[in-house]
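**Q**
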Amino acid sequence: MSVKRECLTNFDDIYDKTTHYGRYQLYMLILIQYAMITSAGNYIFISFASLKPSCGDSNLDFNNNKNPCDIIKNCPVNETKSYFDSLYQENDFICPHMVNGPYQLQTIQAIGSGIGAILGGILADKYGRKWITYIGCVIMITSGIVGGLSTNVYMLGIAMYGMGSSYGMLIDASMTLASETVGPKYRLIQMLGFQWSLALQISSFIAYLTGEWRKYLLSINCLAVPLLILLLFWEESPRWLIQRRKFKEGCEAINRINKWNKCSIKFVDEQLVTIKTQSEEDKSKTFFIHHLISTIQLTKYTLVLLLSALTVELCIAVFIFDVQVLDGNPFINIGLYGLLRVWVPFLIILLEKSSYIGRRFLFISSQSFSIICYLIVFILTFIDTPIYIVSLPIIKTIFALLGGIINSSIFFTIYKQYTMELYPTLLRAIAVGSFGLIERIGGGLASQLIILNNYFGRGSSVGVTIFIMFLSLLTGYLFLPETKDKKMVDFCGKDVDESQTPETLLPFKDKDDGKEE
């Protein structure tokens with residue numbers, strides 16, 4: 010049946026008349042988690058592909074020679090030991106001339122990821138979220154398969170760039186799409202779909218089963234092939250369509266989503282034309298990075314989220330990309346990192362149900378906890394004697410992991426959620442993409458910060474990390490509003506301050522309905 014011809018002024022009013030969460034949103038959540046398996050698998054590929062073999066021949070001494078190519082060359086074949094057949098062990102691929110090849114490949118992937126994030130954000134705001142997500146998925150699968158079939162390191166480098174760029178496009182565009190097609194009450198639930206807890210465990214298990222880098226890449230990417238069909242059933246963001254003043258297409262998308270959710274209510278175009286949108290001259294406008302600081306309020310938000318984005322990968326990059334420095338099986342190390350984060354979504358859902366705990370509390374408390382953990386690591390760095398019966402390295406590892414897990418799970422989710430809720434619809438994807446680029450810069454900065462230890466003494470890298478985290482915490486405390494259960498900002502312009510902005514800028518309090526037109 011058609012709903013009464015009641016005109017709407019805000020897109021989120023649609024969910025109040027239909028449903029905030031239904032089968033369609035659940036379908037999106039499942040596919041997002043499905044896509045994360047390959048996305049995470051490609052991302053940590055180099056963690057396994059760079060594993061160095063060891064030699065079991067007691068007559069040979071490699072203590073002073075850490076070159077994996079020399080170890081492979083001089084060690085008897087039946088004495089070479091490895092958890093995984095890495096790039097080093099394939100004849101004439103990177104050995105003997107490209108000993109640092111895996112790390113250079115990782116840099117190429119990181120560059121591709123940053124470019125993909127920016128490009129994907131711009132294109133998603135200009136042409137829509139659905140098809141940029143789909144293109145990212147195609148590039149992800151194709152690049153991964155090409156990488157697995159590559160005949161030389163240069164071909165693999167091109168594939169790694171493609172895998173990186175697809176990560177930026179697929180993740181950032183689909184994250185925006187998922188947030189825009191769910192009601193305010195469950196917006197954070199959809200964001201949990203981008204957690205890698207399960208994906209890291211599955212990727213590690215596949216690496217263990219395949220035991221070789223080519224088989225791993227082919228397996229992890231062929232696993233995602235069904236997505237090329239399943240993603241076609243997603244709808245373009247009706248919120249984005251309306252802001253582009255494509256009211257007919259937006260209405261059709263809304264009604265198809267309602268059909269998925271077994272909701273009999275149908276909307277007509279006339280009900281949507283009254284939703285506040287961008288001005289006529291802005292409806293086809295292409296937004297770029299500089300628009301993130303086009304107003305004082307947006308500039309404040311951008312400063313907070315830029316600093317926050319820096320910390321996300323900065324805190325965990327060394328752990329993820331150098332798993333062999335940890336004791337034990339590398340598959341277990343990566344899988345354990347995912348397993349230790351399984352509880353996070355359940356905790357966030359539990360806290361989300363509380364009327365006393367909002368976005369600000371989770372942002373401030375999670376970043377504060379991570380800072381405390383890293384401060385403990387920083388202090389213990391200057392202590393040389395064991396404490397009681399537990400060695401200092403174990404204590405430091407525990408607190409480093411705790412701080413990294415909280416930062417990369419709870420804090421990551423809330424920071425991303427703020428990005429979705431504070432920026433206008435036609436600027437939202439470029440905001441996600443821009444901060445995604447900053448995340449990659451943070452990951453690259455981590456390895457450079459370690460060099461500081463050689464010049465300024467041990468603990469320097471941790472100290473700089475803590476300082477950046479503290480700036481994120483301080484600016485967040487000063488500038489971030491409460492946005493839980495508030496309507497998303499749909500447009501920017503001169504009248505934002507009088508209409509949409511209060512919905513997300515005011516504290517945890519309902520706005521006077523009489524102020525809405």
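In my numbering, the protein residues as written are 10 to 526. Ideal placement from N, C-alpha and C gives every residue a C-beta, glycine not left out. Keep in mind it's a predicted model, so treat the numbers as computed, not measured.
1. Tell me whether Ile-81 is buried or exposed, calling it buried when 16 or more other Cβ atoms sit within 10 Å of its Cβ.
2. Taking contact to mean 3 or more Cβ pairs, one atom from each stretch, closer than 8 Å, check whether the segment 51 to 61 and the segment 102 to 115 are in contact.
3. Are there 16 or more other CB atoms within 10 angstroms of the CB of Pro-62, so buried, or fewer, so exposed?
4. Pick helix, strand or coil for Thr-390, following the three-state DSSP scheme.
5. In whole angstroms, give me the CA-to-CA distance for Phe-20 and Glu-244.
6. If Gln-529 and Val-191 are in contact, beta carbons under 8 Å, what's the gap, nearest whole angstrom?
7. Is it true that the CB of Ala-44 sits closer than 8 Å to the CB of Ser-212?
8. For Ser-159, which of helix, strand or coil comes out of DSSP?
9. Name, in chain order, the residues that DSSP records as bridge partners for Lys-90.
10. Roughly how many angstroms lie between the CA atoms of Ile-167 and Asp-22, to the nearest whole one?
11. Can the beta-carbon of Phe-387 be found closer than 8 Å to that of Gly-451?
12. Report the option in Glu-448, Phe-479, Leu-197 whose CA atom is closest to the CA atom of Leu-323.
13. Considering just the uninterrupted stretch of the alpha helix (DSSP H) at Met-45, what are its terminal residues?
14. In angstroms, rounded to a whole number, what distance separates the CA positions of Ile-120 and Gln-210?
15. With DSSP run on the structure shown, which of helix, strand or coil describes Val-327?
16. Taking Arg-32 as the reference, give the member of Arg-265, Pro-77, Gln-306 with the closest Cα.
17. Using only CA atoms, which one of Gly-412, Gly-472, Leu-431, Val-473 lies nearest to Thr-304?
18. How long is the line joining the alpha carbons of Trp-140 and Thr-311, rounded to whole angstroms?
19. Cβ of Leu-197 within 8 Å of Cβ of Gln-426?
20. Are the segment 275 to 286 and the segment 402 to 418 touching by the rule of at least three beta carbon pairs closer than 8 Å?
21. Which of helix, strand or coil does DSSP assign to Lys-224?
22. Below 8 Å on the Cβ atoms is my guess for Met-172 versus Asn-342; work out the distance and round it to an integer in Å.
23. Could you tell me whether the Cβ atoms of Ile-423 and Leu-371 are closer together than 8 Å?
24. Considering Cα atoms alone, identify which of Ser-417, Ala-440, Met-184 is closest to Ile-298.
25. Quick check on this structure: which residue in Arg-437, Lys-495, Ala-455, Ile-103 has the alpha carbon closest to the alpha carbon of Leu-186?
26. Quick check on Met-164: buried or exposed, where buried means 16 or more other Cβ atoms within 10 Å of its Cβ?
27. Would you call Phe-296 buried or exposed, if buried means 16 or more other Cβ atoms sit within 10 Å of its Cβ?
28. Just the Cα atoms here: how many angstroms apart are Thr-320 and Gln-306?
29. Report the three-state DSSP secondary structure of Ser-508 (helix, strand or coil).
30. What is the DSSP secondary structure of Lys-285, counted as helix, strand or coil?
31. What does a CB cutoff of less than 7 Å around Phe-330 pick up in its chain, not counting 5 residues either side in sequence?
32. Alpha carbons only, please: which of Glu-221, Leu-482, Leu-201, Ser-206 is nearest the one belonging to Ile-99?
33. Just mark Lys-362 as buried or exposed, buried being the case when its beta carbon has 16 or more other beta carbons within 10 Å.
34. Ordered along the chain, which non-local residues of its own chain (more than five positions away) have a Cβ less than 7 Å from that of Tyr-486?
35. Specify the secondary structure class of Lys-194 as computed by DSSP and reduced to three states.
36. Where does the unbroken alpha helix (DSSP H) through Asn-109 begin, and where does it stop?
**A** On the basis of the coordinates in this document:
1. Label assigned to Ile-81: buried.
2. Yes, they touch.
3. Taking all protein chains shown into account, Pro-62 has 16 or more neighbouring C-beta atoms within 10 Å of its C-beta and is therefore buried.
4. Of the three classes helix, strand and coil, the one that applies to Thr-390 here is coil, per DSSP.
5. Whole-angstrom Cα-Cα distance: 16 Å.
6. The question about residue 529 has no answer, for the chain in this structure spans 10 to 526.
7. No. Outside cutoff.
8. Three-state result, Ser-159: coil.
9. Residue pairing for Lys-90: DSSP places it in a beta bridge opposite Ser-63.
10. So the alpha carbons of these two residues sit roughly 46 Å apart.
11. Not closer than 8 Å, so no.
12. Just measuring C-alpha positions, the residue of Glu-448, Phe-479, Leu-197 sitting nearest Leu-323 is Glu-448.
13. Run containing Met-45: 32 to 52, per the alpha helix (DSSP H) assignment.
14. Per the coordinates, the alpha-carbon of Ile-120 lies some 26 Å from the alpha-carbon of Gln-210.
15. Because Val-327 carries a pLDDT of 47, less than 50, the predicted location of this residue cannot be relied on, and the following value inherits that uncertainty. Looking at Val-327 - three-state DSSP - the assignment turns out to be helix.
16. Looking at the Cα atoms, Arg-265 is the closest of the given residues.
17. Among Gly-412, Gly-472, Leu-431, Val-473, the Cα nearest to that of Thr-304 belongs to Leu-431.
18. Counting only the Cα atoms, Thr-311 lies some 27 Å from Trp-140.
19. Annotated as proximal: Leu-197 and Gln-426, with beta-carbon spacing under 8 Å.
20. Short answer: they don't touch.
21. Three-state DSSP puts Lys-224 in a helix.
22. Beta-carbon to beta-carbon, Met-172 and Asn-342 are separated by about 22 Å, too far to satisfy the 8 Å threshold.
23. Taking 8 Å as the Cβ cut-off, Ile-423 and Leu-371 qualify as a contacting pair.
24. For Ile-298, the nearest C-alpha among the options comes from Ala-440.
25. Among Arg-437, Lys-495, Ala-455, Ile-103, the Cα nearest to that of Leu-186 is on Arg-437.
26. When all chains shown are included, Met-164 counts as exposed.
27. Counting Cβ neighbours within 10 Å, Phe-296 comes out buried, since at least 16 surround it.
28. Take the alpha-carbon of Thr-320 and the one of Gln-306: they are about 22 Å apart.
29. Residue placement at Ser-508 is flagged as unreliable, the pLDDT there being 39, under the threshold of 50; the coordinate-derived value follows with that caveat. Of the three classes helix, strand and coil, the one that applies to Ser-508 here is coil, per DSSP.
30. If DSSP states are grouped into helix, strand and coil, Lys-285 belongs with coil.
31. Note that Phe-330 scores 44 on pLDDT, short of 50, meaning its location in the model is unreliable; the coordinates nonetheless yield the value given after this. Here the set comprises Ile-55, Ser-56, Gln-115.
32. With the sequence shown as reference, residue 99 is identified as Glu, and Ile is not the correct amino acid for it. Nearest to Glu-99 by C-alpha distance, out of Glu-221, Leu-482, Leu-201, Ser-206, is Glu-221.
33. It is exposed - the Cβ of Lys-362 has fewer than 16 other Cβ atoms within 10 Å.
34. Beyond the five residues adjoining it in sequence on each side, Tyr-486 comes within less than 7 Å, by CB distance, of Ile-373 in the same chain, given in chain order.
35. The three-state reading of DSSP puts Lys-194 in helix, counting H, G and I together.
36. Looking at the DSSP string, Asn-109 is not in any alpha helix (DSSP H), and its letter there is neither H nor E.
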